[in-house]
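Taken in order, the sequence shown gives residues 14 to 363; the numbers are from this note's numbering. Note that the Cβ used here is the ideal one computed from N, Cα and C, for glycine as well. Data block below; observations after.
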Amino acid sequence: MARKDLAQAKDAKKDEFYTQLSDIEKELIHYRDYFRDKVVFCNCDDPYESNFFKYFALNFNALGLKKLIATCYDGSPIAQQELPLFPIKNDTPTRKAYKVEISEVPDLDGNGARDLTDVKLLLKSSDHNVKAELKGNGDFRSPECVELLKQADIVVTNPPFSLFREYVAQLVKYDKKFLIIGNMNAVAYKEVFPLIKENKMWLGVTRQGTGSMWFKVPSDFPLKSGQKTENGIRFQTIGNTAWYTNLDHSRRHEELILIKHYTPEEYPHYDNYDAIEVGSVNDIPCDYDGIIGVPITFLGKYNPNQFEIIDINPHFFTVVGQGLPKPKQLTLHNVGQKDPYARILIRKKH
Ligand SMILES: C[S@@+](CC[C@H](N)C(=O)[O-])C[C@H]1O[C@@H](n2cnc3c(N)ncnc32)[C@H](O)[C@@H]1O
Numbered sequence: 014m015a016r017k018d019l020a021q022a023k024d025a026k027k028d029e030f031y032t033q034l035s036d037i038e039k040e041l042i043h044y045r046d047y048f049r050d051k052v053v054f055c056n057c058d059d060p061y062e063s064n065f066f067k068y069f070a071l072n073f074n075a076l077g078l079k080k081l082i083a084t085c086y087d088g089s090p091i092a093q094q095e096l097p098l099f100p101i102k103n104d105t106p107t108r109k110a111y112k113v114e115i116s117e118v119p120d121l122d123g124n125g126a127r128d129l130t131d132v133k134l135l136l137k138s139s140d141h142n143v144k145a146e147l148k149g150n151g152d153f154r155s156p157e158c159v160e161l162l163k164q165a166d167i168v169v170t171n172p173p174f175s176l177f178r179e180y181v182a183q184l185v186k187y188d189k190k191f192l193i194i195g196n197m198n199a200v201a202y203k204e205v206f207p208l209i210k211e212n213k214m215w216l217g218v219t220r221q222g223t224g225s226m227w228f229k230v231p232s233d234f235p236l237k238s239g240q241k242t243e244n245g246i247r248f249q250t251i252g253n254t255a256w257y258t259n260l261d262h263s264r265r266h267e268e269l270i271l272i273k274h275y276t277p278e279e280y281p282h283y284d285n286y287d288a289i290e291v292g293s294v295n296d297i298p299c300d301y302d303g304i305i306g307v308p309i310t311f312l313g314k315y316n317p318n319q320f321e322i323i324d325i326n327p328h329f330f331t332v333v334g335q336g337l338p339k340p341k342q343l344t345l346h347n348v349g350q351k352d353p354y355a356r357i358l359i360r361k362k363h
């Protein structure tokens, strides 16, 4: 294999994180009202493996969906080989990309309920309106996947981490509602931070942190810390995983209760930026009206009616037109403290 192909294959492997149904349910419960009569697109989701597909297929009627579309990427090293949700014997595994479109979940087994068996029977169906091969490889940027995206009202998935910037840029280009999983570090990307700052995208409800979400990974996934094996299946947790969305939820309207008062002794001023350092979100002083540097975890508690976001540091984006100097790495040398790690610069609203 050429060096470039090898590197691509290695990157593809790093993207093989499979979200558990319980994590999807925990987050999706906060958005149920958005889905009535909507077309949902899961565009990095092999229906045979993806719990996103499973969630929406099982809840198709309860949510009142109009249509569910899922596409499979043929670059997936595990396409229909591992982690099968629906191990259907007669369905020969292929690595072909295909799409599944569901406009109803009928009671196919006639047992009075519309359940997993009905979804399995639907997937087994030879009806080309339900399941059809794609002409291309199922890349979310391919013309046929973009055509499906145009039909969609809401996109829900865990896209490949390595393509997160492009993925978000495409959702924005086509003006889609979305609920997707990403890495918290992505907030500093120049394609992402402006969206957060302008309240066009925010974090979901479920809190992040190590151990908050465990993803299934293939058995040959690189060994790293934060892994466990249960019933022969390997799981990986990532400390800074987050849901990103542009669907409103009540959590982002909860006011952060501020109990501390500002003193220059407790809140050092940066050497090179007109802002104070606040090392913990709970310590934001209630009576400081200038700019405040807080850890990025602030975004999990960010209420846009209470605060405005000014910038991020280290940053790839600078606010234009506010007359602020472009912040370099924030330092606290003058007060003899360690330089802070990544900070969001915020200001309280009146
Ligand atoms: C992080 S995994 C998540 C899989 C699934 N959405 C889930 O949460 O269980 C990302 C998936 O995107 C697929 N993928 C990688 N590159 C892709 C691309 N360019 N277009 C579409 N899918 C891609 C990977 O094969 C992988 O299955």
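It is roughly 16 Å from the alpha-carbon of residue 82 to the alpha-carbon of residue 150. By the Cβ-count criterion, residue 114 is buried, with 16 or more other Cβ atoms from all chains shown falling within 10 Å of its own Cβ.
Residue pairing of residue 298 in beta bridges, as defined by DSSP: 273.
Residue 353 counts as buried, since no fewer than 16 other beta carbons sit within 10 angstroms of its beta carbon.
Three or more pairs of CB atoms, one per stretch, sit closer than 8 Å, so the segment 68–80 contacts the segment 40–52.
Beta-carbon to beta-carbon, residue 322 and residue 303 are separated by about 15 Å, too far to satisfy the 8 Å threshold. Here DSSP, grouped into helix, strand and coil, assigns residue 242 to strand. Using a cutoff of 8 Å, the CB of residue 147 does not count as near ligand 1, since none of the ligand's heavy atoms is closer than that. Those residues having their beta-carbon less than 5 Å away from any non-hydrogen atom of ligand 1 are, in chain order, 28, 30, 31, 32, 57, 58, 63, 86, 89, 152, 153, 170, 171 and 173. Contact fails between the segment 116–128 and the segment 144–158, because fewer than three Cβ pairs, one in each stretch, are under 8 Å apart. For residue 65, the uninterrupted alpha helix (DSSP H) run begins and ends at 64–71, by DSSP. The continuous beta strand (DSSP E) containing residue 257 extends over residues 254–258. If you draw a straight line from the Cα of residue 175 to the Cα of residue 199, it comes to about 10 Å. Below 8 Å, enough C-beta pairs join the segment 247–267 and the segment 313–322 to call them touching: three or more.
Here DSSP, grouped into helix, strand and coil, assigns residue 250 to strand. In the DSSP assignment, residue 163 falls within the unbroken alpha helix (DSSP H) covering 156–164. Excluding the 5 residues flanking it on each side, residue 39 has same chain C-beta neighbours closer than 7 Å at 219, in chain order. In the three-state scheme derived from DSSP, where H, G and I count as helix and E and B as strand, residue 133 is classed as helix. Rounded to the nearest angstrom, the gap between the Cα atoms of residue 133 and residue 36 is 22 Å. Looking at the DSSP output, residue 145 shares a beta bridge with 112. Counting along the chain, no alpha helix (DSSP H) covers residue 83; the unbroken beta strand (DSSP E) around it starts and ends at 80–84.
Here DSSP, grouped into helix, strand and coil, assigns residue 206 to helix.
Leaving aside the five residues that flank residue 86 on each side, the residues in its chain whose CB is nearer than 8 Å to its CB run, in chain order, 57, 59, 92, 110, 150, 151, 152 and 153. A check of alpha carbon separations from residue 348 across 300, 284, 320 and 228 identifies 284 as the nearest. Straight across, the Cα-Cα distance linking residue 185 with residue 191 is about 9 Å.
Beta-bridge partners of residue 324 (DSSP): 358.
With respect to the 9 Å criterion, residue 345 and residue 169 are not classified as neighbours on the basis of their beta carbons.
Our two residues, residue 167 and residue 226, have alpha carbons roughly 23 Å apart in a direct line. C-alpha of residue 117 to C-alpha of residue 80: approximately 7 Å in a straight line.
As a beta-bridge residue in DSSP terms, residue 288 pairs with 304. Judged by DSSP in its simplified three-state form, residue 61 adopts coil rather than helix or strand. Beyond the five residues adjoining it in sequence on each side, residue 299 comes within less than 6 Å, by CB distance, of 271 in the same chain, given in chain order. Counting along the chain, residue 194 sits inside the beta strand (DSSP E) bounded by residues 190–196. Beta-carbon to beta-carbon, residue 162 and residue 144 are separated by about 19 Å, too far to satisfy the 8 Å threshold. In this structure, the alpha-carbon of residue 182 lies about 17 Å from that of residue 216. Judged by DSSP in its simplified three-state form, residue 118 adopts coil rather than helix or strand.
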